[in-house]
Amino acid sequence: MLLLDIGNTNVKSYDSNFVRRDSVKGFIFPKEKFYFINVNPSCETYLAKLVQAIDLSSFFSFKTAYKGMGIDRLAACYSISDGIVVDAGSAVTVDVMSKGIHKGGFIMSGLSAYKDSFANISSKLIYDLEKEITLEKLPLNTNDALLYATLKSIVLMIENSAKDLPIFMTGGDGNVLCKYLKHCSYDEMLVFKGMQKVIKEMGEHVNDSLT
Numbered sequence: 181m182l183l184l185d186i187g188n189t190n191v192k193s194y195d196s197n198f199v200r201r202d203s204v205k206g207f208i209f210p211k212e213k214f215y216f217i218n219v220n221p222s223c224e225t226y227l228a229k230l231v232q233a234i235d236l237s238s239f240f241s242f243k244t245a246y247k248g249m250g251i252d253r254l255a256a257c258y259s260i261s262d263g264i265v266v267d268a269g270s271a272v273t274v275d276v277m278s279k280g281i282h283k284g285g286f287i288m289s290g291l292s293a294y295k296d297s298f299a300n301i302s303s304k305l306i307y308d309l310e311k312e313i314t315l316e317k318l319p320l321n322t323n324d325a326l327l328y329a330t331l332k333s334i335v336l337m338i339e340n341s342a343k344d345l346p347i348f349m350t351g352g353d354g355n356v357l358c359k360y361l362k363h364c365s366y367d368e369m370l371v372f373k374g375m376q377k378v379i380k381e382m383g384e385h386v387n388d389s390l391t
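In structure tokens, the structure reads:
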């Protein structure tokens with residue numbers, strides 16, 4: 181079974197063995213049957229013409245009062261009953277799940293967006309996102325000061341919503357942010373787990389390798 185998570189920049193594919201990440205630009209869609217979710221408007225018309233492509237977006241049975249929730253965000257929440265779901269990509273989305281019901285959430289800039297915004301202010305405000313620092317004391321150099329502000333602004337917002345609830349983190353920068361949060365587990369497969377769950381609910385066979 182082939183699953184595709186189509187974003188604005190990349191396409192993540194999962195074929196029951198491993199995850200592959202490709203640029204949306206020039207991506208060649210499979211000729212065999214595949215299931216997908218898509219947030220990229222430029223792909224919609226083409227995908228609608230593919231008889232082998234099954235759009236899962238209308239099959240999610242998801243309880244929320246939130247209006248306009250992205251399907252990738254919804255899929256990440258779909259397999260979580262209780263906790264905070266964080267998808268740390270180009271943007272950082274934070275959602276609260278309680279007894280299988282979505283209680284609401286919010287959106288922040290992602291790590292790269294923070295970095296770009298500082299660079300647009302001054303060429304002297306360029307810093308290394310890969311460096312590990314402590315958030316327990318004030319920095320004493322510019323690189324750490326910028327990184328501290330970036331990380332702590334995101335971490336404090338998540339902590340304020342999480343309190344003692346478990347945090348389920350996914351997304352390209354999720355493994356970075358997770359290091360600075362208590363009760364946090366990183367799961368690259370969270371969106372695919374949500375997709376698998378809805379496919380099972382459709383009554384179709386699913387390889388259980390993610391569970």
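Adding 180 to a residue's 1-based position in the sequence shown gives its number in our numbering. Note that the Cβ used here is the ideal one computed from N, Cα and C, for glycine as well.
Proximity to residue i [Cα-Cα], best of the options
i    : options                : result
S241 : L230, A255, Q232       : A255
M369 : V199, V191, I347       : V199
I334 : G284, E384, D267, G280 : D267
A299 : D235, K283, K279, N323 : N323
G263 : I217, S303, S365, S222 : S365
P346 : T314, S278, Y307       : S278
I313 : L336, Y215, L327, C223 : L327
R253 : Q232, F239, L227, I217 : I217
A233 : D308, F286, Y215       : Y215
Rounded separation between residue i and residue j - CA only
i    : j    : result
K359 : K247 : 31 Å
S389 : S196 : The predicted position of S389 is uncertain, since its pLDDT is 47 and thus under 50; a value taken from the coordinates is nonetheless stated next. Cα to Cα, the separation comes out at about 7 Å.
N321 : V276 : 35 Å
E339 : L361 : 7 Å
V274 : D353 : 14 Å
E212 : F348 : 32 Å
K343 : T225 : 43 Å
L183 : P221 : 19 Å
L230 : V191 : 16 Å
T244 : V371 : 18 Å
S270 : V356 : 14 Å
R201 : S193 : 6 Å
A325 : G290 : 17 Å
Element boundaries [alpha helix (DSSP H), containing residue i]
i    : result
C257 : 251-257
Run of the beta strand (DSSP E) containing residue i, from where it starts to where it stops
i    : result
L184 : 183-186
V371 : Here V371 belongs to no beta strand (DSSP E); instead the alpha helix (DSSP H) covers 370-381.
N190 : 190-194
G206 : Counting along the chain, G206 falls outside any beta strand (DSSP E), and DSSP gives it neither H nor E.
Test item: CB-CB of residue i and residue j under 8 Å
i    : j    : result
M288 : V265 : no
T350 : Y294 : no
I251 : V219 : yes
G284 : S261 : no
L227 : V378 : no
S259 : K373 : yes
Worksheet item: Going along the chain, which unbroken runs of the beta strand (DSSP E) with 3 or more residues stay wholly within the region 275-330?
Response: Fully enclosed beta strand (DSSP E) runs of 3 or longer: 281-289.
Discussion item. If we require 3 or more residues per run, which beta strand (DSSP E) segments fall completely within the region 221-246?
Written reply: 233-235
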